[in-house]
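Chemist: Below you'll find the structure I mean.
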Amino acid sequence: MSTKELKEKMLARIKDIPDQAPPSMVQHVLDAIEELAKGEKISMDRMARFLRNMEEDKELLQRLAQ
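Quick note: the sequence shown uses my numbering, first residue 2, plus one each step.
See below:
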């Protein structure tokens, strides 16, 4: 899948985030997207760590989102 296609999917899924999702969690995702948008190596490294953490805590994050 191309970067453009992935970005379109992300935008579509963002609309599905429930309004009752914890603001702090949504803020973390926004911060990560802003880091990614910078396109800097340091930002990319931070994003990689963030994604690794999200994968490790996926089950917990899903329960929190419900």
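Heads up, the beta-carbon is just placed ideally off N, CA and C, and yes, glycines get one too. Remember, it's a predicted structure, so these values are computed and weren't measured experimentally.
I'd like to know whether the C-beta atoms of V27 and I18 end up nearer to each other than 8 Å.
Modeler: Within the sequence shown, the letter at position 26 stands for residue 27. Within the sequence shown, the letter at position 17 stands for residue 18. Contact: yes.
Chemist: According to DSSP, simplified to helix, strand and coil, what is D32?
Modeler: Sequence index remark: in the sequence shown, residue 32 carries index 31 (1-based). D32: helix per DSSP, three-state reduction.
Chemist: Mapping DSSP to helix, strand and coil, what is S44?
Modeler: For the purposes of this step, residue 44 is identified with residue 43 of the sequence shown, where counting begins at 1. If DSSP states are grouped into helix, strand and coil, S44 belongs with the helices.
Chemist: Using the Cα positions of E9 and K16, report the straight-line distance between them to the nearest angstrom.
Modeler: Here residue 9 refers to the residue found at position 8 when the sequence shown is read from its first residue. Here residue 16 refers to the residue found at position 15 when the sequence shown is read from its first residue. Approximately 11 Å, taken between the alpha carbons.
Chemist: Pull up the distance between the alpha-carbon of K59 and that of S44, whole angstroms please.
Modeler: Residue numbering aside, residue 59 sits at position 58 when the sequence shown is read from its first letter. Residue numbering aside, residue 44 sits at position 43 when the sequence shown is read from its first letter. Looking at the backbone, the Cα of K59 and that of S44 are separated by about 22 Å.
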